[in-house]
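Novice: Numbering (the UniProt record's numbering), first residue to last: 1 to 323. The structure is given below, and queries will be raised subsequently.
What follows is the structure, encoded as structure tokens:
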């Protein structure tokens with residue numbers, strides 16, 4: 001395994017502004033034996049042309065054991081894009097990276113060192129460094145997760161423990177570090193291509209429910225870009241992120257079948273209130289809107305306190321089991 005082939009799979013969609021930085025970070029890996037797979041999901045901003053020009057460079061051609069650029073004739077969604085990368089990979093281990101993030105120079109080498117030392121590991125996470133707009137150190141925000149080992153990746157947790165915790169909510173905010181054994185993802189049925197926007201949370205649930213423990217080592221391996229539309233001059237902060245609404249359907253499909261009723265009722269209540277606020281232009285931290293939102297989701301929510309008691313008992317039991 002000392003110089004085993006690893007696939008780095010780059011998923012792109014309208015990534016023209018950032019993709020070359022992503023690709024150059026793969027060239028600059030300390031690890032030598034890398035296969036590069038790029039899968040574009042019908043970009044219309046010049047991404048394809050920029051990537052093709054980059055691939056024509058002789059230095060790039062010599063750097064990789066194999067290069068494959070996949071293109072499609074219509075947009076298929078992130079899950080299908082991931083599946084194309086997996087099918088095309090000829091390595092046992094795969095590292096995904098989005099076309100606007102970067103691999104730190106040690107990324108592949110550190111992941112391979114970890115799986116050599118932990119032969120039971122099949123799905124591996126690590127820390128990520130977060131930056132605003134650019135990967136210049138002056139734009140560095142923080143390294144996450146900061147709470148390890150007091151989080152989902154606690155070494156004492158089993159796959160079953162992780163699954164039960166993930167049912168409560170998606171606790172993995174360092175997804176870009178994801179490194180995995182190809183056969184493991186195939187064994188759980190690959191990504192569900194009906195999920196065109198959210199691919200990661202359903203996969204974490206599927207893996208852990210199947211008995212696959214999510215492993216972790218506490219070293220930064222990826223640079224994650226947070227960027228905002230510089231033309232967006234919106235100055236009024238929102239009460240809650242719109243993702244609260246967007247994520248409800250995903251949780252309803254993948255988490256609710258295994259959750260107790262009180263949790264489902266509480267989430268459904270908050271979803272309806274949140275949707276009402278958005279539809280009526282009230283998701284703004286102005287006037288009495290924040291107070292009204294809290295009143296409706298907490299004080300007037302008939303399920304809030306029962307759910308709060310359940311969650312406290314649940315987390316106490318998890319903590320007690322592993323002390």
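The beta carbon of each residue, even a glycine, is placed where N, CA and C say it ideally should be. Since the model is a prediction, treat every value here as computed from it, not as a measurement.
Can you tell me whether residue 136 is buried or exposed? The criterion is at least 16 other CB atoms within 10 Å of its CB, across all chains shown.
Specialist: By the 10 Å Cβ count, residue 136 comes out exposed.
Novice: Verify whether the separation of the beta carbon atoms of residue 85 and residue 199 is less than 8 Å.
Specialist: Not closer than 8 Å, so no.
Novice: Would you kindly report the start and end of the unbroken alpha helix (DSSP H) that includes residue 104?
Specialist: No alpha helix (DSSP H) contains residue 104, which DSSP labels as neither H nor E.
Novice: Among residues of its own chain, excluding the 5 on either side of residue 31, which ones have a beta-carbon nearer than 6 Å to its beta-carbon?
Specialist: Within the same chain, residue 31 has close Cβ partners 108 and 109.
Novice: In this structure, how does DSSP classify residue 17 when only helix, strand and coil are distinguished?
Specialist: Coil, per DSSP.
Novice: Reducing DSSP to helix, strand and coil, say where residue 169 ends up.
Specialist: It is coil, neither helix nor strand.
Novice: Ends of the alpha helix (DSSP H) at residue 60?
Specialist: It spans 58 to 63 - the alpha helix (DSSP H) in which residue 60 sits, taken as one unbroken run.
Novice: Measure the C-alpha to C-alpha separation of residue 316 and residue 298 and round it to an integer number of angstroms.
Specialist: Cα-Cα distance, rounded: 22 Å.
Novice: With DSSP as the reference, label residue 282 as helix, strand or coil.
Specialist: Reduced to three states, the DSSP call for residue 282 is coil.
Novice: Whose C-alpha, out of 196, 87 and 187, is nearest the C-alpha of residue 211?
Specialist: It is 187 whose Cα lies nearest to the Cα of residue 211.
Novice: State the DSSP-derived secondary structure class of residue 70, mapped to helix, strand or coil.
Specialist: Note: residue 70 maps to strand in three-state DSSP.
Novice: If you count every other CB in all the chains shown that lies within 10 Å of the CB of residue 213, and 16 or more means buried, which is it?
Specialist: So residue 213 counts as buried.
Novice: Between residue 112 and residue 24, what straight-line distance do the alpha-carbon atoms span, to the nearest angstrom?
Specialist: Between residue 112 and residue 24, the C-alpha separation is close to 20 Å.
Novice: Helix, strand or coil: how does DSSP classify residue 298 here?
Specialist: If DSSP states are grouped into helix, strand and coil, residue 298 belongs with the helices.
Novice: Beta-carbon within less than 6 Å of residue 115's beta-carbon, same chain only, minus the 5 sequence neighbours each way: which residues are those?
Specialist: 121, listed in sequence order.
Novice: Between the stretch 56 to 68 and the stretch 183 to 197, are three or more C-beta pairs nearer than 8 Å?
Specialist: No contact exists between the stretch 56 to 68 and the stretch 183 to 197.
Novice: State the CB to CB distance for the pair residue 99 and residue 193, rounded to an integer number of angstroms; the pair is presumed to be in contact (CB under 8 Å).
Specialist: Residue 99 to residue 193, Cβ: 19 Å. No contact.
Novice: DSSP state of residue 223, grouped into three classes?
Specialist: In this structure, residue 223 counts as strand in the three-state DSSP scheme.
Novice: Tell me which residue opens and which closes the beta strand (DSSP E) that residue 34 is part of.
Specialist: Start and end: 34 to 40.
Novice: Check this for me: beta carbons of residue 50 and residue 16, under 8 Å apart or not?
Specialist: Against a cut-off of 8 Å, the Cβ pair of residue 16 and residue 50 comes out as a contact.
Novice: Output the distance between the C-alpha atoms of residue 60 and residue 21, rounded to the nearest integer angstrom.
Specialist: Straight-line Cα distance between these residues: approximately 13 Å.
Novice: Might you give, ordered along the chain, the residues of its own chain that have their beta carbon closer than 6 Å to the beta carbon of residue 273, omitting 5 neighbours on each side?
Specialist: Once the five neighbours on either side are set aside, the close Cβ partners of residue 273 are 296 and 297.
Novice: Could you name the residues of the same chain whose beta carbon sits closer than 6 Å to that of residue 176, not counting the 5 residues immediately before and after it, in chain order?
Specialist: 101, 128, 222 and 224, listed in sequence order.
Novice: Go through the stretch 120 to 190 residue by residue and report every complete run of the beta strand (DSSP E) that reaches 3 residues or more, in order.
Specialist: The qualifying runs are 123 to 132, 140 to 144 and 179 to 181.
Novice: Note the first and the last residue of the continuous beta strand (DSSP E) segment covering residue 198.
Specialist: Careful: residue 198 lies outside any beta strand (DSSP E) and carries neither H nor E.
Novice: Residue 282 to residue 247, Cα distance in whole Å?
Specialist: If I take the Cα positions, the gap works out to 19 Å.
Novice: Could you check the C-alpha separation between residue 262 and residue 303 for me, to the nearest Å?
Specialist: Between residue 262 and residue 303, the C-alpha separation is close to 7 Å.
Novice: List the residues that DSSP assigns as beta-bridge partners of residue 214.
Specialist: Per DSSP, 123.
Novice: Using beta-carbon positions only, say whether residue 29 and residue 103 come within less than 8 Å of one another.
Specialist: Contact flag set, yes.
Novice: Under 8 Å: do the stretch 144 to 162 and the stretch 251 to 262 share three or more Cβ pairs, one atom per stretch?
Specialist: Result no; under three Cβ-Cβ pairs closer than 8 Å.
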